[in-house]
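Just below is one structure, and these are the notes that go with it.
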Amino acid sequence: DPTLPVQLHRQALKGLARLNRVSGIARVLFGELRQVARAVPDRPLRVLDVACGGADVLIACARRAAREGLRFQFTGCDRSPTALEAASEAARRHGCSDCRFYGHDILAEELPESYDVVMNTLFLHHLDEEEVVTAVSHMAAAARRRLLIDDLLRSRFGYWLAQLACRTLTRSPVVHFDGPVSVQAAFSEAELATLLPQAVPWNWQFRRHWPERILCVGRPQP
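Numbering-wise (our numbering), the sequence shown opens with residue 6 and increments by one.
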């Protein structure tokens, strides 16, 4: 929310980063990134995280890549100046100063550059169906090899988990409210399996994982 006060926004980003660590989302995404990187060993793999927020997931992936000796160029974009400032600070703090960040509204226009992999996490549930089609089509236009989308699944169990985790792991009132509401706003697997091919007619695979999330992997048609 661009109207959110800076202090509350930063607190929410920290709370979300804690939830992401517990959920292990960076591990899930990096498994996909590793596969693509090994297919192009002659150069760094270019990866963009759309709506990156505080970039905790991007930074976690960058650190994993460094530990495994894999070459990547990680970039994040977000429409929020507060998020981009927090992301840059976090990257420097974790020794990932080569990560690059820039401002961009994915709903407003296509991305200015192309990448091997474009990814995003916990973003689609903020959008309506028309916005999902727009955002995914814009992301796919810039993704040469993969589009990775990870989000919440709408379910009763997911709602209960969100209530428990958000109140246990963070003091952010924004996260306390947004977590359960986000689950209610999330899509089902069947809905995503209909919407994403509407946005871009690629080969799509859907994989559920803990905690009540779904990874959507898009590959261009051969």
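We put the CB at the ideal spot given by N, CA and C, even for glycine.
Taking a contact to mean a Cβ-Cβ separation below 8 Å, would you say residue i touches residue j in this structure?
i, j, result
"valine 138", "glutamine 210", "no"
"phenylalanine 151", "glycine 223", "Reading off the sequence shown, one finds arginine at residue 151, where the question assumed phenylalanine. Yes, the pair counts as a contact, with Cβ atoms nearer than the cut-off."
"serine 187", "histidine 130", "yes"
"phenylalanine 79", "alanine 42", "no"
Please classify residue i as buried or exposed, where buried requires at least 16 neighbouring CB atoms within 10 angstroms.
i, result
"glutamate 196", "exposed"
"leucine 24", "buried"
"valine 179", "In this prediction, valine 179 has a pLDDT of 46, which is less than 50 and means its spatial position is unreliable; what the coordinates show is noted afterwards. So valine 179 ends up on the buried side."
"glycine 108", "exposed"
"glutamate 135", "exposed"
"glycine 74", "exposed"
"asparagine 125", "buried"
Which class does residue i belong to by DSSP, given the choice of helix, strand or coil?
i, result
"aspartate 156", "strand"
"arginine 97", "helix"
"leucine 24", "helix"
"glycine 59", "coil"
"leucine 34", "helix"
"histidine 109", "coil"
"cysteine 221", "strand"
"glutamine 189", "helix"
"leucine 53", "strand"
Write down the C-beta distance between residue i and residue j rounded to the nearest angstrom, noting that I regard them as a contact closer than 8 Å.
i, j, result
"valine 123", "leucine 63", "Wrong, their Cβ atoms sit about 12 Å apart, outside the cutoff."
"leucine 158", "alanine 191", "6 Å"
"cysteine 57", "alanine 92", "6 Å"
"aspartate 110", "arginine 84", "4 Å"
Between the stretch 107-120 and the stretch 140-151, do three or more beta carbon pairs fall short of 8 Å? yes
Give a yes or no on contact between the stretch 90-105 and the stretch 28-36, applying the rule of three or more CB pairs nearer than 8 Å. no
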